[in-house]
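Quick note, the sequence shown lines up with residues 309 to 398 if you use my numbering.
Below is one structure; the comments refer to it alone.
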Amino acid sequence: MADAAACVHIQSITTLKHPARHVCEECLKIGARWVHLRTCQTCGVTLCCDSSPNRHASHHARAIHHPVIISAEPGERWLYCYPDDSFAEY
Ligand SMILES: [Zn+2]
Ligand SMILES: [Zn+2]
Ligand SMILES: [Zn+2]
Numbered sequence: 309m310a311d312a313a314a315c316v317h318i319q320s321i322t323t324l325k326h327p328a329r330h331v332c333e334e335c336l337k338i339g340a341r342w343v344h345l346r347t348c349q350t351c352g353v354t355l356c357c358d359s360s361p362n363r364h365a366s367h368h369a370r371a372i373h374h375p376v377i378i379s380a381e382p383g384e385r386w387l388y389c390y391p392d393d394s395f396a397e398y
């Protein structure tokens, strides 16, 4: 699915996890706002991007080693791996 330049994490993904709801599940708990949403491809949680004040997606990736997210924004079709800083469109 992903191109050959993508890292091993992205290449190992065969089925995409799409957001169940368009909300950051962590921001929702604390009443915070987000800018863009990302969905973890290991556990399926949807969290906010690095342009958001709380950066829940990257904190999640680092804290529990879930490397790959997709954009949960409508019309955006890309994956990103945090540890490898690797990007791929699908
Ligand atoms: Zn990777
Ligand atoms: Zn958030
Ligand atoms: Zn996860």
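Just so it is clear, CB atoms sit at the ideal spot from N, CA and C, and this is done for glycine as well.
For residue i, which residues does DSSP report across the bridge?
i, result
"Val376", "Cys389"
"Thr347", "Thr354 and Ile378"
"Glu397", "Trp386"
Just verifying my parser: in three-state terms, what is the DSSP assignment at residue i?
i, result
"Ala371", "helix"
"Glu333", "helix"
"Ala313", "coil"
"Ala365", "helix"
Pick from the options: whose alpha carbon is nearest that of residue i?
i, options, result
"Gln349", "Glu384, Ala380, His330 and Asn362", "Ala380"
"Leu355", "Val316, Pro327 and Glu397", "Pro327"
"Gly352", "Pro391, Phe395 and Val376", "Val376"
"Cys335", "His368, His317 and Asp392", "His368"
"Gly383", "Tyr398, Asp393 and Asp392", "Tyr398"
Look at the Cβ atom of residue i, then the Cβ atom of residue j, and state whether they are nearer than 8 Å.
i, j, result
"Val343", "Ser360", "yes"
"Arg341", "Cys357", "no"
"Arg370", "Tyr390", "yes"
**Message:** Run the Cβ filter for me: residues under 7 Å from any heavy atom of ligand 1, listed in the order they occur in the chain.
**Reply:** Cys315, Val316, His317, Ile318, Pro375, Val376, Cys389, Pro391, Asp392 and Ser394
**Message:** Which residues end up in the neighbourhood of ligand 2 when you take C-beta atoms closer than 5 Å to any of its heavy atoms?
**Reply:** Cys332, Glu334, Cys335, Trp342, Cys356, Asn362 and His364
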